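Quick note: the sequence shown, position 67, residue 1071 per the working numbering, numbers continuous.
In this text, a Cβ means the ideal position worked out from N, Cα and C, and glycines have one as well.
All figures in this text were calculated on a predicted structure; none of them were measured in a lab.
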Amino acid sequence: FKIGRNKNSGGTFSFASSNELWRASIETLSFITLSSADYAGGIIITDWYSENNNNQALKITIRFLSNEIRSDGIEVLLHKKICDTNNNCTINKINNTLSFEIKDSILRKAALMKKKNELKIKKRIKTKDKKYPKIEKSD
């Protein structure tokens, strides 16, 4: 995730579907509906999620701070909505182990994806070298 300033543009954003952090985040959150997923802006926001309790729901926000697979490269925020019987709701940001667990899962998946991708690239290079052997010059 790069943000740069020059005279002709407002910034440079480089997220793509090949970004392991992005793909791992989408995969980790596949159980819940996304309300917003903007890789150019570096953010994923889920819809409100509730399993059995209609009075409580959870919303997950993931902010991408870097393309690098590092613990400070993403931020996972949780918001909890609690509604009373009259449907008056309060929303609070919460800090608990779930945000750490989600972040840890994303980082682990991203690291595995990156390693798998690097192995594919190495394999392609080896295959390419076999198809097109190097010709050495003779003096």
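Simplified DSSP assignment, three categories, for residue i
i: Ile-1036; result: coil
i: Asn-1121; result: helix
i: Ala-1044; result: coil
i: Ile-1073; result: coil
i: Thr-1089; result: coil
Contacts around residue i, its chain only, beta-carbon distance under 7 Å, and the 5 residues preceding and following it disregarded
i: Asn-1012; result: Confidence at Asn-1012 is low in this model, with a pLDDT of 46, below 50, so its placement is unreliable and the value that follows should be read with caution. Closer than 7 Å at Cβ, skipping near neighbours: no residue.
Residue i - partner residues in DSSP beta bridges
i: Phe-1068; result: Ile-1078
i: Leu-1062; result: Tyr-1053, Lys-1084
Contact set for residue i: own chain, Cβ-Cβ below 6 Å, skip 5 residues either direction
i: Ile-1030; result: none
Close-in-space but distant-in-sequence residues of the same chain around residue i (CB under 8 Å, 5 per side omitted)
i: Arg-1100; result: At residue 1100 the sequence reads Asn, which differs from the Arg that was named. Once the five neighbours on either side are set aside, the close Cβ partners of Asn-1100 are Leu-1082.
i: Lys-1085; result: Trp-1052, Gln-1060, Ala-1061, Leu-1062, Lys-1063, Cys-1093, Thr-1094, Ile-1095
Practice problem: Inspect the CB distances between the segment 1040-1053 and the segment 1065-1082 and report whether three or more fall short of 8 Å. | Solution: Per the Cβ contact rule, the segment 1040-1053 is in contact with the segment 1065-1082 (3 or more Cβ pairs under 8 Å).
Quiz item: Would you call the segment 1080-1094 and the segment 1030-1046 touching, i.e. three or more CB-CB distances under 8 Å?
Solution: The segment 1080-1094 is not in contact with the segment 1030-1046.
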